[in-house]
Each structure stands twice: as structure tokens, then as C-alpha cells.
Amino acid sequence: MTRRILVTGAAGGFGTIISRELLRRGFRVALVDRDEHRLTSVSADLASATGGEALAAAADLADPAARARAVSEVDAAWGGVDGIVNSAGVGPGIVRPDFVTRPILAEEVTEEHLRRSWETNTLAPTLLAMELLPRMRARGWGRIVNVTTGLGTMLRLGFLTYGPSKAAFEAATAILAEECKGTGVTVNVVVPGGTADTPMVPAQSRSGDVRLINPEVMADPVAFLLSEDAGTANGVRIVAADWNPDARPDPAALAPVGW
27 MTRRILVTGA
37 AGGFGTIISR
47 ELLRRGFRVA
57 LVDRDEHRLT
67 SVSADLASAT
77 GGEALAAAAD
87 LADPAARARA
97 VSEVDAAWGG
107 VDGIVNSAGV
117 GPGIVRPDFV
127 TRPILAEEVT
137 EEHLRRSWET
147 NTLAPTLLAM
157 ELLPRMRARG
167 WGRIVNVTTG
177 LGTMLRLGFL
187 TYGPSKAAFE
197 AATAILAEEC
207 KGTGVTVNVV
217 VPGGTADTPM
227 VPAQSRSGDV
237 RLINPEVMAD
247 PVAFLLSEDA
257 GTANGVRIVA
267 ADWNPDARPD
277 PAALAPVGW
């Protein structure tokens with residue numbers, strides 16, 4: 027059976043990289059992003075490059091109506107979703123772009139900055155999972171992979187908009203994983219293992235002192251957690267930078283979600 031995977035934030039960064047790998051491996055991939063123009067282009071390019079079956083569903087998942095519409099589009103095309111990769115996110119750059127080299131102070135952060143971060147990084151992906159989980163449990167199979175961040179970033183000076191929102195999302199992941207024990211549905215986390223070379227890190231925040239991780243490292247561990255082979259991996263966290271595709275560990279030996 028060809029599994030149907032919904033990838034958020036798919037028009038760039040981790041989302042595009044993960045979508046490409048999943049298409050290459052034969053998954054059907056529904057690419058979701060708020061940037062409709064870019065999403066349409068990326069989806070067509072990935073389908074052409076991989077020969078895979080891609081579906082573009084433009085939506086701002088923080089908007090309940092748009093989220094429901096995106097899910098309905100995938101349902102109409104494929105009859106449901108077997109897995110989710112929640113990779114959409116916004117970083118501290120929504121306050122100002124030089125946040126790495128010059129930490130953002132609390133007085134610079136507005137309520138709107140906080141609301142946008144929490145809605146995008148925490149509420150939207152959690153609500154998406156909550157909506158699709160009952161269907162997955164009813165079928166006895168499902169995979170949810172959430173992209174969060176490391177403890178250092180959660181607590182980092184200047185990351186008031188980003189760190190707490192990702193910490194809360196990881197806590198939600200742990201709770202959902204516990205709820206899904208024994209159901210055939212797994213809920214797990216993949217983190218890059220440091221600052222990744224994606225558009226979330228603007229040019230103003232790059233310097234010789236900042237070591238950037240190749241974002242391609244995210245592809246294999248995410249694909250693994252979505253596979254049939256990872257059925258016993260639930261409530262685990264994989265650090266992508268430390269992942270060895272040629273020496274995959276026993277899922278039961280993976281570190282638990284949490285920090």
C-alpha cells in the first residue's frame with residue numbers, strides 16, 4: 027500500500043527536502059504551505075524530478091477554515107492521510123533578521139510576534155494532529171513526525187518567540203505519543219541538531235562563528251519514522267545530525283521525546 031503523507035511548510039527549507047525524499051521513496055505526498063505561488067512551483071518540480079505523486083494544497087494552517095480545507099482537498103484526492111510531517115515554522119526573524127548576532131530583547135517582542143509564533147509553531151500542528159489522529163487510530167496505522175528544536179535553542183537568549191513555542195510543541199508530542207501507545211499510530215520528533223542552513227536563518231544572522239548544519243540530514247530519519255519498519259518507535263526523538271542511515275538503531279533504543 028502506498029502511504030499518503032501530508033507535509034507542512036513544504037514550499038521551502040526542511041519541508042521541501044523531506045517531501046523530495048518521500049516522493050523518491052514512493053510515498054504520495056501532499057505538500058502544504060501558505061505561499062501558494064511557491065508551493066505550486068515546488069510541487070511540480072519535485073513531481074517531475076522524482077516521478078512521484080505530489081499534491082499541492084495551499085493553506086495557512088493557523089487558520090482553522092484553511093486547515094480544514096487543506097485536509098478536505100487531500101481526502102478528496104486520496105481518500106485520507108496516513109501520516110503527517112509537521113515541519114512548518116517561523117523563527118525569531120519575524121522580529122528582526124539579525125537575531126543570531128544581536129539577541130532580541132523582550133521589549134522588542136510584541137503580542138503579535140508571540141501570537142504568530144505560537145499559532146504557527148504550536149497550535150496549528152497540534153490541532154492538525156488532533157484532527158487526523160482519530161482517523162489513523164480507526165485504521166490502526168498512522169505516523170506523525172514533528173520538527174521541534176534542541177534544549178539549547180528552547181532556552182536561548184533572544185529566542186522568546188521561538189524557544190517556548192517549540193518546547194510546548196514537544197511536550198504535546200510526548201502526550202500524544204503516550205495516548206497512541208498500542209494503537210498502531212506513532213508520534214515522534216526529529217530535530218536537526220543545531221542551526222540548519224535554511225531560509226529561517228537570514229543573511230544578517232550568518233557569520234563565521236555560526237556553524238550551519240546541512241538541512242538534507244533531516245530527510246532520512248523522517249522517512250524512517252514514516253516507514254513500516256518504525257512501528258515500535260513511539261515517543262522518540264532523533265537528532266538528525268547524529269543519524270547514520272547505514273546503521274539505523276533498534277527503534278526501542280532511541281532517546282525519548284523530551285529535553
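Residues in the sequence shown are numbered from 27 upward in steps of one, following the working numbering. Note that the Cβ used here is the ideal one computed from N, Cα and C, for glycine as well.
Practice task
Taking Ala73 as part of the alpha helix (DSSP H), name the residues at either end of that continuous run.
Solution key: Glu62 to Thr76
Practice task
Could you name the residues that DSSP lists as bridge partners for Leu57?
Solution key: Val33 and Ala82
Handout entry: Continuous beta strand (DSSP E) stretch holding Val265: start and end
Key = Arg263 to Val265
Problem - Validate contact between the region 198–212 and the region 264–272 using beta carbons, cut 8 Å, 3 pairs - result: no
Problem - Contact the region 49–59 vs the region 28–37: 3+ CB pairs below 8 Å - result: yes
Practice task
Leaving out five residues on either side along the sequence, give the residues of the same chain with a beta carbon under 8 Å from the beta carbon of Gly189.
Solution key: Thr175, Thr179, Met180, Leu181 and Arg182
Exercise for the section: Tell me whether Val121 sits in a helix, a strand or coil according to DSSP, three-state version. Expected result: coil
Handout entry: Ala75 versus Glu133 - alpha carbon distance
Key = 46 Å
Practice task
Kindly indicate which three-state DSSP category Arg237 falls into: helix, strand or coil?
Solution key: coil
Exercise for the section: Kindly indicate which three-state DSSP category Gly184 falls into: helix, strand or coil? Expected result: coil
Practice task
Can you have a look at Gly41 and say buried or exposed, based on whether 16 or more other CB atoms are within 10 angstroms of its CB?
Solution key: buried
Practice task
Could you have a look at Pro247 and say whether DSSP puts it in helix, strand or coil?
Solution key: helix
Problem - For Asn270: DSSP bridge partner residues - result: DSSP lists no partner for Asn270.
Exercise for the section: Could you check the C-alpha separation between Phe195 and Trp167 for me, to the nearest Å? Expected result: 22 Å
Exercise for the section: Could you check if Asn240 is buried or exposed, using at least 16 other CB atoms within 10 Å of its CB as the buried criterion? Expected result: exposed
Exercise for the section: Spell out the partners DSSP gives Val126 in its beta bridges. Expected result: In the DSSP output, where bridge partners are listed per residue, Val126 has none listed.
Handout entry: Status (buried if at least 16 other CB within 10 Å, exposed otherwise) for Lys207
Key = exposed
Exercise for the section: Would you be able to state if there are at least three C-beta pairs under 8 Å between the region 60–70 and the region 78–97? Expected result: yes
Practice task
Leaving out five residues on either side along the sequence, give the residues of the same chain with a beta carbon under 6 Å from the beta carbon of Ala88.
Solution key: Glu145, Thr146 and Ala150
Problem - Which of helix, strand or coil DSSP assigns to Arg93 - result: helix
Handout entry: As assigned by DSSP and simplified to three states, the class of Asn172
Key = strand
Practice task
Drop a sphere of 10 angstroms on the beta-carbon of Val118, count the other beta-carbons inside from all chains shown, and report buried for 16 or more, exposed for fewer.
Solution key: Before going on, a small fix: residue 118 reads as Pro here, not Val. Pro118 comes out buried.
Handout entry: Rounded distance between the beta-carbons of Leu252 and Arg169, thought under 8 Å
Key = 5 Å
Problem - Contacts around Arg161, its chain only, beta-carbon distance under 7 Å, and the 5 residues preceding and following it disregarded - result: Gly106
Exercise for the section: Return the residue from the list Val248, Asn260 and Thr258 that minimises the CA-CA distance to Ser45. Expected result: Val248
Handout entry: CB of Ile264 within 8 Å of CB of Leu186, strictly
Key = no
Practice task
Name the one or two DSSP bridge partners that Pro282 has.
Solution key: Val262
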